[in-house]
Structures are given as structure tokens and as C-alpha cells.
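Taken in order, these protein sequences are the chains called A and B. Under my numbering, the residues of the first sequence are numbered 1 to 405, in order. Under my numbering, the residues of the second sequence are numbered 1001 to 1405, in order. A virtual CB, placed ideally from N, CA and C, is assigned to each residue, including glycine. Here is the structure we will look at.
There are 2 protein chains.
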Amino acid sequence: MSTAPLQSQYDEFKQLGLKLDMSRGKPAPEQLDLSNALMAALDGYAAHDGTDTRNYGGGVGLPEARALFGELLDVPAAQVVVDSSASLSLMHDVIVYSLLLGVPGHAPWMGAQPVTFLCPVPGYDRHFAICEQRGINMVNIPMTEDGLDMDLVERLVASDASIKGMWCVPKYSNPGGVVYSDEVVRRLAAMKTAAPDFRLMWDDAYRFHHLGDEKIGMANILDECAKAGNPDRAIVFASSSKVSWAGSGVAALAASPANIAWWTKHAGIRSIGPDKVNQLRHVRFLKNKATVEALMEQHRALLRPKFDTVLALFEEHLGSVPGVSWTRPKGGYFIDLVTPPGAAKRTIALAKEAGITLTPAGAAYPYGLDPEDSHIRIAPSFPSLDEIRQAAKGIALSLRVAISQ
Amino acid sequence: MSTAPLQSQYDEFKQLGLKLDMSRGKPAPEQLDLSNALMAALDGYAAHDGTDTRNYGGGVGLPEARALFGELLDVPAAQVVVDSSASLSLMHDVIVYSLLLGVPGHAPWMGAQPVTFLCPVPGYDRHFAICEQRGINMVNIPMTEDGLDMDLVERLVASDASIKGMWCVPKYSNPGGVVYSDEVVRRLAAMKTAAPDFRLMWDDAYRFHHLGDEKIGMANILDECAKAGNPDRAIVFASSSKVSWAGSGVAALAASPANIAWWTKHAGIRSIGPDKVNQLRHVRFLKNKATVEALMEQHRALLRPKFDTVLALFEEHLGSVPGVSWTRPKGGYFIDLVTPPGAAKRTIALAKEAGITLTPAGAAYPYGLDPEDSHIRIAPSFPSLDEIRQAAKGIALSLRVAISQ
């Protein structure tokens, strides 16, 4: 570490004129290149059952695409729907259908009383944006090392029938990298809810996105819900966005037979069917769980050095700074840098002045309000290793300047 | 025509053991083949502005895709959004956002009073299904040779503020083949509506789908609305579904700047961006209006003989049957076969027994209720010419048997 005064180190860094965007968890071009064979994966347009994938129809997805995601998610193919590119859209539509029409056997969520969702924090800003923009109240739930403050969750859902749902990123959570323990999964599946039409929005976004050597598993939420007598409670979402191409993947929804029938009915009003050519292309390219895991190893080889670089530079530049800590994720796309209270916003502004765009302060919290102003989401995936090196130094410098002011 | 008794002709026809599905307006495999070059249309993944189409982002669509649809729809590119495959989904989402959140500057449609849409009949069953399933009342508006009973439309919208919208398939309507006159377009743009947040859902599905030699044009609804001081009234929908591949095309929405900003905001909550690889592929393949028109000529060459065959066989077998008539469309995908009152359902059942699946009776009316039970939608596009020949005979026979019973 330089011995020059902090401010002059920062000023010197600014002179580099960087222009780096680390605001979103975007795959790097080299990661997208891993799936370029997608474009040559088709040798025809017929699915196994003879379906011409170019034409209309097939609202639940191609049988072979459902089978593939069934294998990946450890769910029977009949309990999987495969749709177009974005799992976020499936989540959005589940909420919209629930608001307007109600979940199976229940009245629409929209009615006399307000609708509330529990939101583990820090969490994914796009989840919270769906709630905020569609008129759903949000309550923060602190995350813990093995998942959530389950005592709080159980107390809230048992006593308040306006709580209709909860967001969960159960593995390698965005941005904290938290992995739910099997105990947490089971308590979520079994807990008593005052609302009979309560739903767990189970965003399994990082199921195969390991960074460490260990491939962390997890109890199967749909099995646990069924065992606990709450078969319709969880809806699982997944996609190939960070497996193949982020903008042109396929997305899947897995749930109980009743939820699948409900989804199919309502989604069938919205569309005559998903892009089945892209589904067939993905089935041909991704093949099965073993080949997907092999592909994810290639992603890991590209991502791991970027995370290691950030972690090493944070250790070097921030290791001795009081009140500063960060996560060392075993998977996923983010590092959560925790500053002393009141320093996150200022750090992000200083980084911006130095050419490094970070996710806005507070984004990991409902309504954009980080109560302690202390979380900074670091997304190391997109920039090159050289850029990551500079960015990590710049962020560390910005934080130190922010604290010193 | 055979001189054998009608019933024995029908019984003999049944013996053929046909299995034909004419229920939907699906392109034939030969039509889909016209666009197989789509698969080889890409020589890279970068858009003009450098965007890596494989990655996240680009909610409003690629600039070159917006420019292409702008040229096709005769609208500035800035007033066009290009999304994923289905225009039906865009229509659905416009209605959902309007119900839940309201159109620009107005309260949500959902509230104290019921929401009503005007529905020109016969019309498109999937439009009516969106209203029925999302809780919107429907009022039938009789179509005329040049569009609609505009006196009725003007009277209704002027007096009833619960009427928030109206479905329009302005050219080669499904299933009647009606083309709105410029006068009808202008009256729709200029009429006084009691609801200040009234919307025309302008489904321009068949803009380039001519069957005759004449390429029928039409007044530009967005221009007419702007001229009349109602710039936000119309939202135009289009897609490449019946241009390239029905299930894997791209869809577009064109509207006023205020409506585009509104759409972009709400759709941005639902998705991180559309499939831009497919957009780039379509831009490379479809190129411009001239090449699209040339492609549509190839579609016409495949479709025209099928329509001519149905029309000739109807003339031969039904020309002298009292109370029976049918449309001779100049474009689009359908023929509307009009039976004497009370005979449509029975005809469709008899055709079904003989192996010909037709669109269910009543489908062209809100709630599936054809008040006179007299409309049968014929979709000649998908079967082969030989199959069409048999089907047209079988339908004619079924109708004659139905009437004779």
C-alpha cells in the first residue's frame, strides 16, 4: 500500500480516466462465447414428438425442454413449464395473475386489504421493484449466515394474513451469497401462515453457479412443501440466462400440479406459445445435467479469478480498516461489501467520480432504502481481469476516502 | 355435384377417415420454410451500436429492429418498441398495466366501476379471451363492409365512461376480412369519448398479408389520432409471426411518445430485455420494407391457391343453398362462412365427426356466444392443397346435412 496521503492517491486514481460498469451481474463476453455452439446446435426444426418448433403452440414448452429442466431442478417433467428467455418475467406474471385473479382456489390478492411480501435483505433489487411497482408492501427480513431470521419469519406469517408471499434466493443469494440451510428450507415449507394463499417465490437463479470447489446442494423445496402438507406453497424459478446467453436463454417454472395447471391456464391467455426453436436449440446444446455442470465449470474457470482478485485486493487495502467487511461467496455473481454505517452512498459517489459505476446505494433493499447505508454490491463478472484489478483498488480507495471525510 | 342423397354422400365422406385441423390460422410448413435462412442470417452478435446481443439489456429493442418496424409501420423509430415473439403478449400486458396501474396521467382502470371494451364482431377469440379472463366486460359492435357501425361506436363511447377501450383488427380482419375505410379510421381517431383514458387496441396483424393483387393501404391511425388532438389514443401492435416463423418471430408496439415511455417503464419491471439475438437475426433476414414485401409475395403464392380452392368448392357445393354466404377476403388468414341461423354449431359437429376440426362455434364472439349461431371460421393456411380440397367439400356437405336435419 502506498504511503502517500489518501486523497492524493484517490486523485491520482481518478486521473486514469477509467470507464467501468460494475453495476449489474452481467456475464463477460468470454462467458457468452462458451455457448456460441448454440447457433449451430439445430439440425432441423422437429421436436421428438414431431412438433414443428417454428409454428405456433406448445404453451407449456417442448417435452424435451421440460425433461431437461426437470432433471436440472430434480422435479418431474410434468411439474415444469419452460417458457421464453427471462425467469424474472415468469415471477412478475405469477404475481400479476395472483393479484388480478388469485392463486388456485382463492380470491384475487387485490381486494380490501393491502398485500405484503417478506423481503430477505440484502436482496435482489428487481424482485423488490416488482412489488413496489405493482403495489405490494414490503417488510425487511434480515438474512443470516444460514439463511434467514426464521423466528421472525414464522411469527410474522402466522399472525398477519396480509402477508401473501416472500422472495427467496435460496442459494448464493444476490448479493450476500447466503445459502439456506436444509433446516431453513424445511421451516419455510412447514411454517403456519395466516394467509392460506401464501406463496414462496423461490428464485433458484444460481443453482449451478458454484465458485468454490464444493458443489453445494440443498433440500428440495417442492418435496418439503408436499411433505409438510403445503404442496402449493412454493413456485420455483430458474433459467439458462447465466448458463448460455443472458438475453436469449430459456426460463422455467416448477411447482405443484395445481400451480402448473393454474399457470398454464393464465399464461395461455397471454401467449400462443413460447419460442420453441430456441428451446430445441438449448436442449440440443445443453443436453443434460452432466453437460450443464461441465459448462458451469468453464464459467467458474473464468469467474473465479475475478472474485479472487477482488477479495485479495480488498484484503490488501481494506483488511485493517475498522468496520469494513465483505462476503466471500461460494457461488453466484456478487460480493457484498459492508461499510461502516453511513458510508456506502458516499463511497459509490466517489467511485463514480473515478469512472467506476456501481449498483446504486440501497438497491439491495426494498424502496432503495438501506437503513444503515452500509451495503455495496460488487459485480465482478463483466469487466476483464485487468479492469477488475483497477476497479477493486478504486473502490477500496473510495471507501477509505469516504470514511476519512 | 353428386346426385346421391345428402346423408349417404356425407356417410361416404366420413369413410375417408380424414384427420384435418383447420381450427387455427397457422402458416403451413412451406411458408415457414421461406424463412429458414433466418438460421444463417447472423455473422456475429454485435448490433450497429456495438451492443452484444447475447447479453442482458435493451428493453426497447435494438435500434436497427426499431428502425425496421418503424419503416414497416410508417412510424418514427423512436415511437416503436420491439420485443420478443408474440404481439398478443404485448396486448395482454398493455391491458394488465392499464388495469393495475392506469394509462399515463390516469388512475388504474380497476376501481369502483366495471371496465368495458367494445368488440367488433365477428372478431378474434384471443382478444376476447384476454378481456374475459382479466375481468373486462365486452359489448358487441357489428362489423360492416367498410369497418364498423361507427354511429353506434360514437354513441356508446360518448355516453359511457366505463368504456375504456376497443379491439380493432383494421385490415383483413379475423375472421371477416374487413378493411376499415379511411373514414372509419378518422372517426375512431376523432370521436369524443366519455373516458379520458380510452385506448384503441390496434392489432395490425395482417398489414402486409395480401391475397389479392391489390396492396390495400390505410390511413395512419397514429397520425390521425395526433391530428385529432388524441395522440395517446391508439396503440399499434404488429409482429413477424406470419412473416417469418409463427412461434419464433419478433413483435412490435408503436404509439405516442407518452405511451412508449409508459410501456417502457412498466415492461422494464417485468424483464431485463428481449431476445436481441433473434431481433438481430430478423433484421439481417428481413432487411427492409421492400424485402419484406417480396417475402410476403412468396407467402401469397402459397396461400392464394388454398383460398381460391375453398371459394370455388363453396361456390360449387353451396352456391345455390339459401341463406348461406361467405367472405371473399382480399387478405389475411380466414374465410367467414355464414350459415342460416342456428346451423353453425351443428355443422362444426358434423365436420368433426368426419375428421375435420374447425374453430369452435361462437369463437368469433365475446364469451363464445354467436347470437345467431351462424358463423364458421375457415382457416385454409395450414393443410395442403389436396387436404383443403377434401376439407372444403366436407364442410359444405356437413353444412348441407345440418340444414336438412
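Query	Result
So with Cβ pairs under 8 Å, would you call residue 1146(B) a contact of chain A?	no
Which residues in chain B sit within 9 Å of residue 27(A), going by Cβ to Cβ distance?	1054, 1055 and 1056
For the 8 Å Cβ check, are there 3 or more pairs between the stretch 1365–1372 of chain B and the stretch 1123–1142 of chain B?	yes
Would the C-beta of residue 1396(B) count as close to the ligand GDP, meaning under 7 Å from any of its heavy atoms?	As far as ligands go, the structure on display features none, and thus does not contain the ligand GDP.
Within 10 angstroms of the Cβ of residue 209(A), are there 16 or more other Cβ atoms? Answer buried if so, exposed if not.	buried
Any beta-carbon of chain A closer than 8 Å to the one on residue 1094(B)?	no
Can you confirm whether residue 378(A), when its beta carbon is compared against all beta carbons of chain B, has any partner nearer than 8 Å?	no
Roughly how many angstroms lie between the CA atoms of residue 1252(B) and residue 1079(B), to the nearest whole one?	10 Å
Strictly under 8 Å for the Cβ-Cβ distance: is residue 275(A) near chain B by that measure?	yes
Starting from the beta carbon of residue 1129(B), find every residue of chain A whose beta carbon is closer than 9 Å, and list them in chain order.	268 and 269
Scan the stretch 326–400 of chain A and note each continuous alpha helix (DSSP H) run of 4 residues or more that stays entirely inside, going in chain order.	344–353
By the DSSP assignment, the alpha helix (DSSP H) with residue 1069(B) in it spans what residues?	1063–1073
Using a C-beta to C-beta distance shorter than 7 Å, which residues of chain B count as neighbours of residue 284(A)?	Under the 7 Å cutoff, chain B gives no residues; its nearest Cβ is about 13 Å from residue 284(A).
Considering only C-alpha positions, which residue in the set 211(A), 193(A), 142(A) and 151(A) is nearest to residue 183(A)?	151(A)
Would you list, in chain order, the members of the stretch 236–249 of chain A that have their beta-carbon closer than 9 Å to a beta-carbon of chain B?	241, 244, 245, 246, 247, 248 and 249
Verify the CB distance criterion: does residue 1259(B) have a CB-CB separation below 8 Å to chain A?	no
Which chain A residues are close to residue 1022(B), counting only those with a beta carbon under 8 Å from its beta carbon?	Within chain A, no residue comes near residue 1022(B); the closest Cβ sits about 14 Å away, beyond 8 Å.
Could you check how far apart the C-beta atoms of residue 276(A) and residue 1248(B) are, in whole angstroms? I think they sit under 8 Å.	7 Å
Is residue 233(A) closer than 8 Å to residue 199(A) when the C-beta atoms are compared?	yes
Distance, Cα to Cα, residue 1250(B) vs residue 1034(B)?	16 Å
Contact criterion: CB-CB distance below 8 Å. Does residue 42(A) meet it with respect to chain B?	yes
Apart from the five residues just before and just after residue 202(A), which ones in its own chain have a Cβ nearer than 8 Å to its Cβ?	168, 170, 221, 234, 235, 236 and 237
Taking 8 Å as the threshold (beta carbon to beta carbon), is residue 1138(B) in contact with chain A?	no
Measure how close the beta-carbons of residue 177(A) and residue 327(A) come, nearest whole angstrom, since I'm counting them as under 8 Å.	5 Å
In chain order, what residues of the same chain lie with their CB nearer than 7 Å to the CB of residue 49(A), ignoring the 5 residues before and after it?	63
Grab the span of the beta strand (DSSP E) containing residue 141(A) for me, first residue to last.	137–144
Measuring alpha carbon to alpha carbon, tell me which of 381(A), 271(A), 321(A) and 24(A) ends up nearest residue 398(A).	321(A)
Can you say whether residue 155(A) is buried or exposed, counting buried as having 16 or more other CB atoms within 10 angstroms of its CB?	exposed
From 1036(B), 1269(B) and 1306(B), pick the residue whose C-alpha is nearest to that of residue 1101(B); which is it?	1269(B)
Residues in the stretch 1331–1360 of chain B with C-beta within 7 Å of chain A's C-beta atoms, listed in sequence order?	none
With 8 Å as the C-beta to C-beta threshold (strictly closer), list the residues of the stretch 383–404 of chain A near chain B in chain order.	none
Could you give the distance in angstroms between the alpha-carbon of residue 1312(B) and the alpha-carbon of residue 45(A)?	34 Å
Do residue 181(A) and residue 143(A) have their C-beta atoms within less than 8 Å of each other?	no
Can you pull the chain B neighbours of residue 99(A), defined as C-beta to C-beta under 8 Å?	1100
Between residue 1224(B) and residue 1193(B), what straight-line distance do the alpha-carbon atoms span, to the nearest angstrom?	16 Å
Can you name, in chain order, every residue of its own chain whose Cβ lies under 6 Å from the Cβ of residue 175(A), other than the five neighbours on each side?	122, 334, 336, 364 and 377
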